[in-house]
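A.B. asks: Residue numbers (this note's numbering): 92 to 898. Attaching a single structure in structure tokens format; questions to follow.
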Amino acid sequence: MIALGEDRHLRLTLKAWALYLGVCLVLAVVIAWDLTTSREQDMEAARQRTHATSVLVSEWLYAAFETSGALLSSMAGEIRPESLPGPEEDPEAHARINQWLDRHLHLLPNTKGIALFDSEGRMTHTSGPHHEIGHDISDQGHFQALRDNPDLERQVSRAFFSHETGGFLVAHAQALRDAEGHFAGLLGVRLDLDFFDHWLERAEPTPGSSLTILDHDERLLARRPRDTVPGLEAQLGQPVEAGRLAPLIRDEKDTLQFAIISPVDGMHRLFAARMVRDLPFLVVAGEAQQTIMATWWQKFWTLSLTWLVIAGLGLLVLRGYLRTIRYDLELQRSHRSLEEANRTLGQEIRDRQKAEDEIKTLAFFDPLTQLPNRRLFTERLEATVHICRQEYRHGALLFIDLDNFKLLNDTLGHDRGDQLLMQAARRISGCVHEADTVARLGGDEFVVMLCGLSHETQEAIQQAEIVADKILASLKHPYLLGGQEHHSTASVGITLFHQEPVSVDELMKRADLAMYQAKAAGRNTQRLFNPDMQALVIARAALEGDLRRALSEKQFLLHYQALVDDDGVLTGAEALLRWQHPDRGLVPPGEFIPLAEDTGLILPIGQWVLEAACAQLAEWARDPSLKNLKLAANVSARQFRHPEFVPGVLRALNTTGADPHRLKLEITESLLLEDVEDVISKMRQLRARGISFALDDFGTGYSSLSYLKRLPLDDVKIDQSFVRDVLIDPNDAAIARTIVALAGTLGLRVIAEGVETREHWEWLSRHGCHTHQGYYFGRPGSVVAMLESLPGRPLPMRRRAHPRETS
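So, in structure tokens, the structure goes:
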């Protein structure tokens, strides 16, 4: 019944929300439609207003030029071009004509002058200053148009700059014909740009709107309003680069509408441009988008706020309705709760008892294998140890770890891993007596406690080893996991307990140590704990602690061993790490480098070596006798593979200022066992900065010629194990000669390690190895000791090796 009530409540809730969201969505759609319609209407009204304004102003301007044309036509009717006197012929008549022109000048507003020109384009009479007489306009377009077209009576020019007035003018000219109708000159009126501004004043543009008059060259002739454009006077007569008026200028259209950012004042406007009939002028009327959309935005915010208010009120109503439904459901639940209380009380008691049983099982048993867990096993082990002491009998603890279990989990998944653990638990349990205890500590670790073993120690050891071998044999059989066969092995550590007072934790540690010894011995075997194991672990832990302190207390130092050429000249050195222990003295690297590799301390130690070597290079650079020496530093495989290796090397160089061309990094062949492409990439990055590379201990590890030719190496070093016996072992001599020949073929230099006698030096020099390192030239030590050990060495004998020489 409760489920039915909750289902009904859910349906009502969903319906209420659907209704609310539907109403909100419909209202939003209606508002969006209304806003879209209003916007289109506002834009259309603006387009009509700008069009009407451009038409009105263009007609005013056209009418003004028609009035000017009528006056010019009337004046032309009174003039007989062939009878006009010159200033020399009849000065008085000439003056009367000029005065006549001046009187007509006042009939036209904003005109700069009226003038008569003869058929050659020279000014003969003018209402202005008499020094303009003789001014030539034959090169101007309006004169040429009237002269060349007998059907053309009047012509209006585009805006041109007048040097006499210092501003832009427009000419309105009337052709003069003689009695035979031939062109005899023209009567012209010069209008300044105030003429156009006069007609824009009548339009009275609204805020945000603009009125502009341009000629066909897109020159700005007049604009209203004037006060919104700084420096407008300087822009008059200049092109405005409107860019949208070409169809009007080419007479493709008489009206054009567009929206752009005004090139005059930078305001975004909707423009309507119109040709002034057949005159070379355009009227451009514009309204600011901000002004056009102001009412629309006010409507937008009003309707949006209205929608939000309605949605908010609707949400309040919806919440009230849902609260009412919820209260009704809770009331129904309360009525039924009393009926269900009696039924659930008994079930709760039963469930509690079951839960207590499950808690006890979880507290003492492993949920996967159902074996005792660590807690229960510890209790049983403590009791068994106590019993063995009382009965003078041996007991044994076997620590079992499945080999490579993590690989199984990673490849086949945890489900398959759990199946293997359950099968392994059953097999181990089948190998012991009922009185013994098998437990799972966690992961892939199991422990077995054997009790009631022999009084004799050796016999008890044999009994424990027999059980361990039986367990190993059982666990080695194939497992069937998900229909597939899988093989697994285990490693077992054994420790005995008898009369010796030892804690359970100590027993577990001993068995664990023995198990790790079995792992180290190759897995799938067993090892018995002995005190030497613990001593070794304690010594290793102490050494690790000392190693960490050595890093923080700067107990490391570098010794240097010389590298010389065939002439005994020092060419460089190899930096060798040493540890100056405060108690043990100088610790050789063979004792602490493997531990540093295992613990990861090789990373900070290796970085210190690089920084110290670079600092030594920087110091040598200040000594003229040592500045050309190269210094080699060894790099471990783990350090080289670290993502921060390349930045660390560059940081050491930048910090010390050392020359990268003097730094050589020595790598070993073990580096080539993993991700060779990454190794090559890092070497190329560092080699691009000038750092060189040498392959150390060549021939003792993983030597692949395919990788050798791809590595950006400079040197290979013949391992001292080959150099030591080249004089007495034909095989070592052959290997050394082969390495020299191979390196020469690949263009690599050869360095011989372990040169301890003059005979070694001579043999290597004769066979093509020209760089040498070894005790013959001095043991590793300080820089001073290295330099002092070199003088006084006799040079090797220079002779060619005999073809039959083998050593």
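The beta-carbon is built from N, C-alpha and C at its ideal position, and this holds for glycine as well.
1. In three-state DSSP terms, what is residue 235?
2. Extract the residue ranges of the beta strand (DSSP E) inside the segment 324-402, only unbroken runs of 3 or more that lie entirely within it.
3. Verify whether the separation of the beta carbon atoms of residue 587 and residue 551 is less than 7 Å.
4. For residue 759, write down the residues that DSSP places opposite it in a beta bridge.
5. If you follow the beta strand (DSSP E) that residue 842 is part of, which residue opens it and which one closes it?
6. Going along the chain, which residues of its own chain have a beta-carbon closer than 6 Å to the beta-carbon of residue 567, five neighbours each way excluded?
7. Could you tell me which uninterrupted alpha helix (DSSP H) segments, each at least 4 residues in length, are contained entirely in the segment 495-548, listed from first to last along the chain?
8. On the DSSP bridge list, what partners appear for residue 671?
9. Which same chain residues end up closer than 7 Å to residue 225 when comparing Cβ atoms and leaving out the 5 residues on each side of it in sequence?
10. In the DSSP assignment, what are the bridge partners of residue 463?
11. Please return the same chain residues whose Cβ sits closer than 7 Å to the Cβ of residue 974, not counting the five positions on each side in sequence.
12. Please give me, in chain order, every unbroken run of the alpha helix (DSSP H) with length at least 4 that falls completely inside the segment 681-749.
13. Spatial neighbours of residue 687 within its chain, please: CB distance less than 7 Å, with the 5 preceding and 5 following residues excluded, ordered by chain position.
14. Tell me the start and end of each unbroken alpha helix (DSSP H) in the segment 594-642 that is at least 4 residues and wholly inside, in chain order.
15. How about residue 149 and residue 375: do their beta carbons lie closer than 7 Å?
16. Return the chain-ordered list of same chain residues with a C-beta closer than 7 Å to the C-beta of residue 162, the five sequence neighbours on each side being excluded.
17. In this structure, how does DSSP classify residue 830 when only helix, strand and coil are distinguished?
18. In whole angstroms, what separates the C-alpha of residue 306 from that of residue 115?
19. So, helix, strand or coil for residue 483, using DSSP?
20. Whose CA, out of 771, 463, 142, 849, lies closest to the CA of residue 536?
21. So, for residue 656: in the same chain, excluding its five sequence neighbours on each side, which residues have a beta-carbon less than 7 Å away from its beta-carbon?
22. Pair every Cβ in the segment 724-741 with every Cβ in the segment 756-771, then say whether three or more of these pairs are closer than 8 Å.
23. Would you kindly report the start and end of the unbroken beta strand (DSSP E) that includes residue 245?
24. May I have the straight-line CA-CA distance separating residue 109 from residue 383, to the nearest angstrom?
25. Measure the CB-CB distance between residue 603 and residue 490 and report whether it falls below 7 Å.
26. How would you call residue 106, buried or exposed, if buried means at least 16 neighbouring beta carbons within 10 angstroms?
27. Could you compute how far the alpha carbon of residue 664 sits from the alpha carbon of residue 864?
28. Could you pull the DSSP bridge partners for residue 58 from this structure?
29. Exposed or buried, what is residue 621 when buried is set at 16 or more other beta-carbons lying within 10 Å of its beta-carbon?
30. For residue 629, does the count of other Cβ atoms within 10 angstroms reach 16, so buried, or fall short, so exposed?
31. Rounded to whole angstroms, what is the Cα-Cα separation between residue 801 and residue 810?
32. Secondary structure at residue 880, three-state DSSP: helix, strand or coil?
33. Check residue 837 in the structure and name its three-state DSSP category.
C.D. replies: On the basis of the data shown:
1. Residue numbering aside, residue 235 sits at position 144 when the sequence shown is read from its first letter. Residue 235: helix per DSSP, three-state reduction.
2. Assignment of beta strand (DSSP E) within the segment 324-402, counting only whole runs of 3 or more residues, yields 346-352, 359-366, 372-379 in chain order.
3. In the sequence shown, the residue the question calls residue 587 occupies position 496. In the sequence shown, the residue the question calls residue 551 occupies position 460. Cβ atoms of residue 587 and residue 551: closer than 7 Å.
4. As a first step, residue 759 must be located in the sequence shown, where it is residue number 668. Bridge partners of residue 759 according to DSSP: 787.
5. As a position in the sequence shown, residue 842 is number 751, starting the count at 1. Note, residue 842: beta strand (DSSP E), 840-843.
6. Reading the sequence shown from its first residue, position 476 is the one you call residue 567. Annotation for residue 567: 580 place their beta carbon closer than 6 Å to its own, counting only its chain and skipping 5 residues before and after.
7. Runs of the alpha helix (DSSP H) lying entirely within the segment 495-548, each at least 4 residues long, are 496-503, 505-520 in chain order.
8. The count along the sequence shown starts at 1 and reaches residue 671 at position 580. Looking at the DSSP output, residue 671 shares a beta bridge with 677.
9. As a position in the sequence shown, residue 225 is number 134, starting the count at 1. Non-local C-beta neighbours of residue 225 in its own chain, meaning closer than 7 Å and more than five positions away in sequence, comprise 213, 214, ordered along the chain.
10. Within the sequence shown, numbered from 1, the residue matching residue 463 stands at position 372. Residue 463 is bridged by DSSP to 456.
11. Outside the modelled stretch of the chain, which goes from 92 to 898, sits residue 974, for which no answer is possible.
12. Every unbroken stretch of the alpha helix (DSSP H) spanning 4 or more residues and falling wholly within the segment 681-749 is given here in chain order: 693-712, 728-732, 736-747.
13. Locating residue 687 in the sequence shown gives position 596, counting from the first residue. Closer than 7 Å at the Cβ level, and outside the excluded window around residue 687, lie 638, 693, 696.
14. Correct list: 595-611.
15. In the sequence shown, residue 149 corresponds to position 58, counting from 1. In the sequence shown, residue 375 corresponds to position 284, counting from 1. For residue 149 and residue 375, no; Cβs fall outside 7 Å.
16. Numbered from 1 along the sequence shown, position 71 holds the residue referred to as residue 162. Cβ neighbours of residue 162 beyond the five flanking positions: 195, 198, 199.
17. Position 739 of the sequence shown holds residue 830. The answer is helix: DSSP assigns residue 830 an H, G or I state.
18. Here residue 306 refers to the residue found at position 215 when the sequence shown is read from its first residue. Here residue 115 refers to the residue found at position 24 when the sequence shown is read from its first residue. Near 55 Å, if we compare the C-alpha coordinates of residue 115 and residue 306.
19. Position 392 of the sequence shown, counted from the start, is the residue given in the question as residue 483. Reduced to three states, the DSSP call for residue 483 is coil.
20. The residue labelled residue 536 in the question sits at position 445 within the sequence shown. From the listed residues 771, 463, 142, 849, the smallest Cα separation to residue 536 is found for 463.
21. The residue labelled residue 656 in the question sits at position 565 within the sequence shown. The answer, listed in chain order, is 662, 861, 862.
22. At 8 Å Cβ cutoff, the stretches touch.
23. Working through the sequence shown from its first residue, we reach residue 245 at position 154. Taken as a continuous stretch (DSSP letters only), the beta strand (DSSP E) holding residue 245 covers 245-247.
24. On the sequence shown, position 18 is the one that residue 109 refers to. On the sequence shown, position 292 is the one that residue 383 refers to. Looking at the two C-alpha atoms, the distance is approximately 39 Å.
25. Here the question's residue 603 lines up with position 512 in the sequence shown. Here the question's residue 490 lines up with position 399 in the sequence shown. Closer than 7 Å, so yes.
26. Residue mapping note: residue 106 aligns to position 15 of the sequence shown, counting from 1. Note on residue 106: under 16 other CB atoms within 10 angstroms of its CB, so exposed under the neighbour-count rule.
27. Translated into positions along the sequence shown, residue 664 becomes position 573. Translated into positions along the sequence shown, residue 864 becomes position 773. Whole-angstrom Cα-Cα distance: 9 Å.
28. Nothing in the structure corresponds to residue 58, since the chain is present only between 92 and 898.
29. Residue 621 sits at position 530 when you count from the first residue of the sequence shown. Answer is exposed; the Cβ neighbour count stays below 16.
30. As a first step, residue 629 must be located in the sequence shown, where it is residue number 538. Exposed is the call here.
31. Taking the first residue of the sequence shown as position 1, residue 801 is located at position 710. Taking the first residue of the sequence shown as position 1, residue 810 is located at position 719. Straight through space, the alpha carbons of residue 810 and residue 801 are spaced by roughly 21 Å.
32. Working through the sequence shown from its first residue, we reach residue 880 at position 789. If DSSP states are grouped into helix, strand and coil, residue 880 belongs with coil.
33. On the sequence shown, residue 837 is found 746 positions in, with the first residue counted as 1. Here residue 837 sits in coil by DSSP.
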